[in-house]
Amino acid sequence: MHSNHLLLEEPIRMASILEPSKSSFFPAMTKIVGTLGPKSRSVEVISGCLKAGMSVARFDFSWGNPEYHQGTLENLKAAVKTTKKLCAVMLDTVGPELQVVNKSGNPISLQADGFVILTPDQEQEASSEVLPINFDGLSKAVKHGDTIFVGQYLFTGSETTSVWLEVSEVKGNDVVCVIKNSATLAGSLFTLHASQIRIELPTLSDKDKEVISTWGVQNKIDFLSLSYTRHAEDVRNAREYLSKLGDLYQTQIFAKIENIEGLTHFDEILQEADGIILSRGNLGIDLPPEKTNRMPIIDKLSCREVVIIWGLEKPSFKSHSLAWDQLDDQSFSFPRSMERTTDLKEENFARCPRSLSFTANERDSKRFQIVFLFQKAALYKCNMAGKPAVVTRVVDSMTDNLRPTRAEATDVANAVLDGSDAILLGAETLRGLYPIETISIVGKICAEAEKVFNQDLYFKKTVKYVGEPMTHLESIASSAVRAAIKVKSSVIICFTSSGRAARLIAKYRPTMPVLSVVIPRLKTNQLKWSFSGAFEARQSLIVRGLFPMLADPRHPAESTSATNESILKVALDHGKASGVIKSHDRVVICQKVGDASVVKIIELED
């Protein structure tokens, strides 16, 4: 495959790699979601996280009570005021997550080849022989040979802090398991994951609803991370629930894909959700390495889409008598060898049953290679839909170490090149020893990867995917990006009320920042007046390349003339203060003038 077909800018010169990175007001175009917890809840640490590049704070309700999280949020508000850095709030639900309860909090040692009983009797004390769980239906869901994982904050990658169990037998409500590896479980709460087992629990639990209706409403959360999303109906039900809770009708729902069921229904979930979170840790353990697995998300890609994703030249497919324009409805099979995925040739394409399989000799290729393929396909679909995609589990080792491994640094860079909007840090910032340093290093890796992202190829792919005729807004957005690239604009400034226009511009991945100037609108619920805009501004903080600022409500988004000098001056001054705009720079402006949408180019004077 020719290098110029990769989503990678060529040539990459050694000099550019060796020269030191320059500091910037915007650490990276790719956003960082940080999970706040025991090691990252003080005002001082949160301030450091914001300065390092965190733009969304995640509150994980699978542990801790609302009072604890409220204290952390109050510290976040204080840090935002101190640093003058805007930060959005994400509430992560528990969902149908199974948990082991360790009331004493004492470490539990489990030895390989021993036995342990999982019981729904939570009155029992957790020990090396018995682990009480919060679900009484496990014995009906599993059978002999099934795989179960138990760990704190679901697996750090260390074999000494998480345990792999295999179901030996079911005795009444209890499940007897063989311990496959020695481990020590420390803490009061552990996550239990039964691989490829459907747990008959609602995606939005009663506990989740209580937290959302109290803590969520009180704090007007910007994002709801819907854990273990399995069907589009899960998203619809959550949206219906939010619509009854005052201002939360504006809250965006991010579907968290964590198991094979969510992966299977990915397309329909993407249609309903406002964004996607790829929970790669859970996906990695839900797909066993020894089995031949179908890959539905990849099966559903057309040949044309796969060719685009992998950056191939248009194949003639003479052996199948297929022309390029006939590829849309054709199925596709990946090459047998996972190691040859960078050398896809015509013979690797075939009109065959829609499945992805490995030969007997390739079954040791690890479940994580499947997750890798899913990541590429899923991010591509999110990018084309213009919906933010978030990737998790990138620098696990930084929970205890000051530097990531080479493999982890490469993984972060690949997530950026694959099209991720944001990187989500979980245990690394929740209980990691170096939350600020982790955010800083991940941001720097993202910034370096963005420098070699082939925007020209990506732009052409996106325009081709959208097709013709484009919608009015899509045409304006793509034209603004094209103009900005042609004139080498330092920034794109977009005036918006809903944030939609700015998100569409960001969809085309311009090489320069998009400054989204959100114009508040006056609204009323017949009891009081209020201004919109705060939600829209904060929700831009998870979109790659989009940087919001809230405008003065006295200035309308629409203008009766070709200029809107006062508000434009404020936006330009903000750009100058942040260092992204300098004298003699060209700036592309996207705004409404009367009933028309206008893209204009201005050149700054001294």
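Residue 58 in our numbering sits at position 78 of the sequence shown, and the numbers go up by one each step.
Backbone N, C-alpha and C fix where the C-beta goes; we use that ideal spot for every residue, glycine too.
Nearest by alpha-carbon distance to Arg260: which of Asp376, Asn199, Ala166 is it? Counting from 1 along the sequence shown, the entry for residue 260 is found at position 280. Nearest C-alpha to Arg260: Asp376.
Host beta strand (DSSP E) of Lys580 (start-end): Locating residue 580 in the sequence shown gives position 600, where the first residue counts as 1. First-last of the beta strand (DSSP E) with Lys580: 576 to 583.
For Val467, count neighbouring C-beta atoms within 10 Å of its own C-beta (all shown protein chains included) and say buried if the count is 16 or more, exposed if not. Along the sequence shown, one-based indexing puts residue 467 at 487. So Val467 ends up on the exposed side.
Return the first residue and the last residue of the beta strand (DSSP E) that Arg38 is part of. Locating residue 38 in the sequence shown gives position 58, counting from the first residue. Unbroken beta strand (DSSP E) run through Arg38: 34 to 40.
CB-CB under 7 Å to Val156, same chain, minus the five flanking residues each way: which ones, in chain order? On the sequence shown, position 176 is the one that residue 156 refers to. Excluding residues within five positions, the ones whose Cβ falls inside 7 Å are Phe95, Ile97, Ser148, Glu149.
Assuming Glu501 contacts Asp202 (C-beta within less than 8 Å), just tell me the rounded distance between them. Position 521 of the sequence shown, counted from the start, is the residue given in the question as residue 501. Position 222 of the sequence shown, counted from the start, is the residue given in the question as residue 202. A small correction: the amino acid at residue 501 is Arg; Glu does not occupy that position in the sequence shown. Distance from Arg501 to Asp202 at the Cβ level is roughly 18 Å; contact not present, criterion being Cβ atoms closer than 8 Å.
Would you identify the three-state DSSP class for Asp398, choosing helix, strand or coil? For this step, residue 398 is matched to residue 418 along the sequence shown. Helix.
Could you spell out the range, first to last residue, of the beta strand (DSSP E) harbouring Arg483? In the sequence shown, counting from the first residue as 1, residue 483 sits at position 503. Run containing Arg483: none in the beta strand (DSSP E); it sits in the alpha helix (DSSP H), 480 to 487.
Assigned secondary structure, Asn273 (DSSP; H/G/I helix, E/B strand, else coil): As a first step, residue 273 is located in the sequence shown; it is residue number 293 there, counting from the start. Unreliable placement is indicated for Asn273, whose pLDDT of 38 sits below 50; the coordinate value is still reported in the next sentence. Secondary structure of Asn273 (DSSP, three-state): coil.
Do the region 7 to 18 and the region 413 to 432 meet, that is, are 3 or more Cβ pairs less than 8 Å apart? Short answer: they touch.
Counting beta carbon pairs with one atom in the region 246 to 253 and one in the region 211 to 221, are three or more of them shorter than 8 Å? They touch, by the three-pair rule.
Would Cys29 pass as a contact of Ala59 if the rule is Cβ separation under 9 Å? For the purposes of this step, residue 29 is taken as residue 49 along the sequence shown, with counting starting at 1. For the purposes of this step, residue 59 is taken as residue 79 along the sequence shown, with counting starting at 1. Yes. Within cutoff.
Cβ-Cβ distance between Leu410 and Pro18 below 9 Å: In the sequence shown, residue 410 corresponds to position 430, counting from 1. In the sequence shown, residue 18 corresponds to position 38, counting from 1. Contact flag set, yes.
Can you name the start and end residues of the alpha helix (DSSP H) that Thr418 belongs to? The sequence position of residue 418 within the sequence shown is 438, counting from 1. According to the DSSP assignment, Thr418 belongs to the alpha helix (DSSP H) that extends over 415 to 431.
C-alpha distance - Cys362 paired with Ala37, whole-angstrom precision: Here residue 362 corresponds to residue number 382 of the sequence shown, with the count starting at 1. Here residue 37 corresponds to residue number 57 of the sequence shown, with the count starting at 1. Cα-Cα distance, rounded: 22 Å.
In whole angstroms, what separates the C-alpha of Leu165 from that of Thr171? In the sequence shown, the residue the question calls residue 165 occupies position 185. In the sequence shown, the residue the question calls residue 171 occupies position 191. Taking the straight line from one Cα to the other gives about 11 Å.
Would you check if the distance between the CB atom of Asp401 and the CB atom of Ile522 is smaller than 9 Å? As a working mapping, residue 401 is identified with position 421 in the sequence shown. As a working mapping, residue 522 is identified with position 542 in the sequence shown. Yes, the pair counts as a contact, with Cβ atoms nearer than the cut-off.
Does the region 451 to 468 come close enough to the region 551 to 558 that 3 or more CB-CB pairs lie under 8 Å? Taking a contact to require three or more Cβ pairs closer than 8 Å, the region 551 to 558 and the region 451 to 468 do not qualify as touching.
Quick one: which unbroken beta strand (DSSP E) runs of 3-plus residues sit fully inside the region 146 to 214? Chain order, please. As far as the region 146 to 214 is concerned, its whole beta strand (DSSP E) runs of at least 3 residues are 154 to 159, 163 to 165, 169 to 174, 203 to 206.
Should Ala106 and Pro100 be called a contact, given that it needs their Cβ atoms to be closer than 9 Å? Numbered from its first residue, the sequence shown carries residue 106 at position 126. Numbered from its first residue, the sequence shown carries residue 100 at position 120. No. Outside cutoff.
Which class does Asp553 belong to by DSSP, given the choice of helix, strand or coil? Translated into positions along the sequence shown, residue 553 becomes position 573. Three-state DSSP puts Asp553 in a helix.
Determine the closest residue to Gly152 out of Ser108, Lys123, Ala163, with distance taken between C-alpha atoms. Working through the sequence shown from its first residue, we reach residue 152 at position 172. Ranking the options by Cα distance to Gly152, first place goes to Lys123.
Opposing strand residues paired with Asp72 [DSSP bridges]: Taking the sequence shown and counting its residues from 1, the one referred to as residue 72 is at position 92. In the DSSP output, where bridge partners are listed per residue, Asp72 has Asp40, Ser205.
If you draw a straight line from the C-alpha of Gln597 to the C-alpha of Val498, how long is it? Outside the modelled stretch of the chain, which goes from -19 to 586, sits residue 597, for which no answer is possible.
In this structure, how does DSSP classify Phe115 when only helix, strand and coil are distinguished? Here the question's residue 115 lines up with position 135 in the sequence shown. Looking at Phe115 - three-state DSSP - the assignment turns out to be coil, as it is neither helix nor strand.
Thr127 versus Leu484 - alpha carbon distance: By 1-based counting over the sequence shown, the position of residue 127 is 147. By 1-based counting over the sequence shown, the position of residue 484 is 504. Each residue's Cα considered, the two are about 43 Å apart.
With respect to the alpha helix (DSSP H) encompassing Ala58, which residues constitute its N-terminal and C-terminal limits? Within the sequence shown, the letter at position 78 stands for residue 58. Run containing Ala58: 46 to 63, per the alpha helix (DSSP H) assignment.
Strictly by DSSP, which residues pair up with Gly125? In the sequence shown, counting from the first residue as 1, residue 125 sits at position 145. According to the DSSP secondary-structure assignment, Gly125 is paired through a beta bridge with no residue.
Residue range of the beta strand (DSSP E) that Gly412 falls in? In the sequence shown, counting from the first residue as 1, residue 412 sits at position 432. Annotation: Gly412 is outside any beta strand (DSSP E) and is labelled neither H nor E by DSSP.
Helix, strand or coil: which one does DSSP assign to Lys468? Translated into positions along the sequence shown, residue 468 becomes position 488. Per DSSP, reduced to three states, the secondary structure at Lys468 is coil, with no helix or strand assignment.
Do you know how far the Cα of Ala460 is from the Cα of Pro182? The residue you call residue 182 lines up with position 202 of the sequence shown. The residue you call residue 460 lines up with position 480 of the sequence shown. If I take the Cα positions, the gap works out to 44 Å.
For Leu66, tell me which candidate among Ser42, Ala32, Trp43, Asn82 has the shortest Cα-Cα distance. Numbered from 1 along the sequence shown, position 86 holds the residue referred to as residue 66. Comparing Cα-Cα distances from Leu66 to each of Ser42, Ala32, Trp43, Asn82, the minimum goes to Ala32.
If I measure Cβ to Cβ from Pro588 and keep anything under 6 Å in the same chain, skipping five residues before and after, which residues do I get? Here the chain covers residues -19 to 586 and nothing more, so residue 588 does not appear.
Taking the alpha carbon of Asn161 as the point to measure from, which residue in Leu405, Gln176, Ala174, Trp144 has its own alpha carbon closest? Along the sequence shown, one-based indexing puts residue 161 at 181. Looking only at Leu405, Gln176, Ala174, Trp144, the smallest Cα-Cα distance to Asn161 is reached by Trp144.
Any idea what DSSP makes of Met492, helix, strand or coil? The residue given as residue 492 occupies position 512 in the sequence shown. Residue state, collapsed to three classes: coil.
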